[in-house]
Amino acid sequence: MGLFDRLFGKKEEPKIEEVVKEALENLDLSEDTEPALTEAEEVSQEDEEVEIVEQAKLQEDKIQDTVEKSIDSESVVEVQQEEVSEEENYEFEEIADENNSEVLEAQTPQAEETVQEKYDRSLKKTRTGFGARLNAFLANFRSVDEEFFEELEELLIMSDVGVQVASNLTEELRYEAKIENAKKPDALRRVIIEKLVELYEKDGNYDERIHFQDGLTVMLFVGVNGVGKTTSIGKLAHRYKQAGKKVMLVAADTFRAGAVAQLAEWGRRVDVPVVTGPEKADPASVVFDGMERAVAEGIDILMIDTAGRLQNKDNLMAELEKIGRIIKRVVPEAPHETFLALDASTGQNALVQAKEFSKITPLTGIVLTKIDGTARGGVVLAIREELNIPVKLIGFGEKIDDIGEFNSENFMKGLLEGLI
1 MGLFDRLFGK KEEPKIEEVV KEALENLDLS EDTEPALTEA EEVSQEDEEV EIVEQAKLQE
61 DKIQDTVEKS IDSESVVEVQ QEEVSEEENY EFEEIADENN SEVLEAQTPQ AEETVQEKYD
121 RSLKKTRTGF GARLNAFLAN FRSVDEEFFE ELEELLIMSD VGVQVASNLT EELRYEAKIE
181 NAKKPDALRR VIIEKLVELY EKDGNYDERI HFQDGLTVML FVGVNGVGKT TSIGKLAHRY
241 KQAGKKVMLV AADTFRAGAV AQLAEWGRRV DVPVVTGPEK ADPASVVFDG MERAVAEGID
301 ILMIDTAGRL QNKDNLMAEL EKIGRIIKRV VPEAPHETFL ALDASTGQNA LVQAKEFSKI
361 TPLTGIVLTK IDGTARGGVV LAIREELNIP VKLIGFGEKI DDIGEFNSEN FMKGLLEGLI
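Going by UniProt numbering, the residue at position 336 of the sequence shown is 336; the numbering climbs one at a time, nothing skipped.
In structure tokens:
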């Protein structure tokens, strides 16, 4: 079963509608017929009714006099009793409300979000933005023609899925429209979503797993400044420590004092050691110190923060190559993961950064940050299609636990749920 079928179910064949049976209502056509009264009988009945009414009126006057007297004497007592009872009820209700609110506050713990709920929340802007554009687009066309496909390709590009994804998807839709003999745009809605999922799935050939080792796992983090790289490292340190792992951080962005201070603050906050060096020290020497300490202290996960000066690619490439050699000197098979941090809100600029960094150093995965604050989550599809680099970590928001391993099923469901 493919990814689309697992997420949204197989397409149901059209059912033959059952013939609706018309229920016949039993109509009572008979009229209420009573035997007609003679004129004499009618007069007699009227006389009897007048006499009964007069007697009833006399009796009612007597009763009314008695009732008025009793009401005058009892009304004062009733009003006083009502006032007292209302005050007592009000005081009782007020006390009960206070007690109930205290009990509710004590007994109602804040529900923890599930993984799918985090995906749904963080992808809401992307989902609603893409959904609104798709719905408006389909409503604007009355027929499936060449103009329809050209406009659809433009819509997909504007949704940050990438030029290549948009072009491939549009071409496949042209073929599907002929097979399905689709004449109305809305008939292609499900096919559009299905093709987006298929393009990401690529026959199931993708590896989103983080390759943890039995001993020390070394993770190298690269990316331009300001994308949330250092923050992601801090949140991951908290996550892994909560899972019972021994974690250590290395501040190898030595030319930016703010980066070292930020990582040191994260270490203090989550209570994990941070290896630092003198200001403007050789980053490779700081990494070497961190590697030796990690091996000596039996660390499970070592995360290394590096500089992100993409504007000087030659120097950055030389620096990362040197760091890689130093790491392998201590642990030959390391680094086990090299993560590129990308800010999802930058859209296609994130794709450009991924292309540039993939030329500088081999990348094993993407850390996609700030997905909750943007409508550009479709960039995941572009990265997958054009670079074939898997997203392995995703940032859901600003809280310390708003980071986790990427799951394509959760992501695609959060991205496309409700559009079919």
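We put the beta carbon where it would ideally sit given N, CA and C, even for glycine.
{"query": "With a cut-off of 8 Å, do at least 3 Cβ pairs link the region 389-409 to the region 179-195?", "result": "no"}
{"query": "Which same chain residues, not among the five before or five after E102, have their C-beta less than 8 Å away from its C-beta?", "result": "Confidence at E102 is low in this model, with a pLDDT of 42, below 50, so the placement of that residue should be treated as unreliable; the coordinate-derived value is given next. Once the five neighbours on either side are set aside, E102 has no close Cβ partner at all."}
{"query": "May I ask you to report which of helix, strand or coil DSSP gives T128?", "result": "helix"}
{"query": "When the Cα atoms are used, what is the spatial distance from T128 to D282?", "result": "47 Å"}
{"query": "In the DSSP assignment, what are the bridge partners of I274?", "result": "The sequence given here has Val at residue 274, not Ile. Bridge partners of V274: L249."}
{"query": "What are the boundary residues of the alpha helix (DSSP H) that residue 482 is part of?", "result": "Because the chain in this structure spans residues 1 to 420, residue 482 falls outside the shown range and cannot be described."}
{"query": "Using beta-carbon positions only, say whether P335 and M248 come within less than 8 Å of one another.", "result": "no"}
{"query": "Name the one or two DSSP bridge partners that R337 has.", "result": "As written in the sequence, residue 337 is Glu, which differs from the Arg given in the question. In DSSP, E337 forms a bridge with M219."}
{"query": "Within a Cβ cutoff of 7 Å, which residues of the same chain sit near G228, ignoring the five residues on either side of it in sequence?", "result": "A341, D343, T369, K370 and G395"}
{"query": "Judging by CA-CA distance, which residue of N315, V287, I403 and N349 is the nearest neighbour of K392?", "result": "I403"}
{"query": "Helix or strand or just coil, what does DSSP make of G414?", "result": "helix"}
{"query": "Does the beta-carbon of K235 have 16 or more other beta-carbons within 10 angstroms, so that it is buried, or is it exposed?", "result": "buried"}
{"query": "With distances taken from CA atoms, which of K355, I210 and S345 is nearest G377?", "result": "S345"}
{"query": "With distance defined between alpha-carbon atoms, name the residue in A251, D214 and E153 nearest to D305.", "result": "A251"}
{"query": "So, using beta-carbon positions, are residue 474 and I360 closer together than 8 Å?", "result": "This structure cannot settle anything about residue 474, because the visible part of the chain is limited to 1 through 420."}
{"query": "So the candidates are F255, R209 and Q164; which of them puts its Cα closest to the Cα of A307?", "result": "F255"}
{"query": "Around the C-beta of S143, are 16 or more other C-beta atoms found within 10 angstroms, so that it is buried, or is it exposed?", "result": "exposed"}
{"query": "Within 10 angstroms of the Cβ of E321, are there 16 or more other Cβ atoms? Answer buried if so, exposed if not.", "result": "exposed"}
{"query": "Name, in chain order, the residues that DSSP records as bridge partners for G226.", "result": "Answer by DSSP bridge pairing: none, since G226 is not bridged."}
{"query": "Going by DSSP in three states, K392 sits in which element: helix, strand or coil?", "result": "strand"}
{"query": "Going by the beta-carbon positions, is the gap between G365 and I383 smaller than 8 Å?", "result": "no"}
{"query": "Go ahead and label Y175 buried or exposed: buried means 16 or more other beta carbons lie within 10 angstroms of its beta carbon, across all protein chains shown.", "result": "exposed"}
{"query": "Between the beta-carbon of I386 and the beta-carbon of G162, is there less than 8 Å?", "result": "For the record, residue 386 in the displayed sequence is Glu; it is not Ile. Yes, Cβ-Cβ distance for E386 and G162 is below 8 Å."}
{"query": "Alpha carbon to alpha carbon, what distance is there between I327 and E125?", "result": "Glu is not the amino acid found at residue 125; the sequence shown has Lys there. Cα to Cα, the separation comes out at about 40 Å."}
{"query": "What first and last residue would you give for the alpha helix (DSSP H) that runs through E153?", "result": "E146 to M158"}
{"query": "List the whole-angstrom C-beta distance separating L416 from I210, where the pair is believed to meet the contact cut-off of C-beta under 8 Å.", "result": "Actually they are not in contact, since the Cβ atoms of L416 and I210 sit about 25 Å apart, beyond 8 Å."}
{"query": "Among the candidates F141, L152 and V260, whose CA atom is the shortest distance from the CA of V286?", "result": "V260"}
{"query": "Figure out for me which residue from D271, G258 and G324 has the closest Cα to the Cα of K280.", "result": "G258"}
{"query": "Within 10 Å of its beta-carbon, does residue 452 have 16 or more other beta-carbons around it, so buried, or fewer, so exposed?", "result": "Summary: the structure shown does not reach residue 452, with the chain confined to residues 1 through 420, and so no result is reported for it."}
{"query": "Out of A177, T217 and N349, point me to the one whose CA is closest to V330's CA.", "result": "T217"}
{"query": "Quick check: the Cα distance between F137 and G347, rounded to an integer number of angstroms?", "result": "21 Å"}
{"query": "Note down the Cα distance separating P332 from A264, rounded to an integer number of angstroms.", "result": "27 Å"}
{"query": "Run the CB neighbour count on I179, radius 10 Å, all protein chains shown included, and call it buried at 16 or more, exposed below.", "result": "exposed"}
{"query": "Within the same chain, show all residues whose beta-carbon is closer than 6 Å to that of G226, passing over the 5 residues directly before and after it, in chain order.", "result": "none"}
{"query": "Ordered along the chain, which non-local residues of its own chain (more than five positions away) have a Cβ less than 7 Å from that of I400?", "result": "K235 and H238"}
{"query": "Who are the near neighbours of V295 in its chain, counting only those whose CB is closer than 7 Å to its CB and skipping five residues on each side?", "result": "L216 and V330"}
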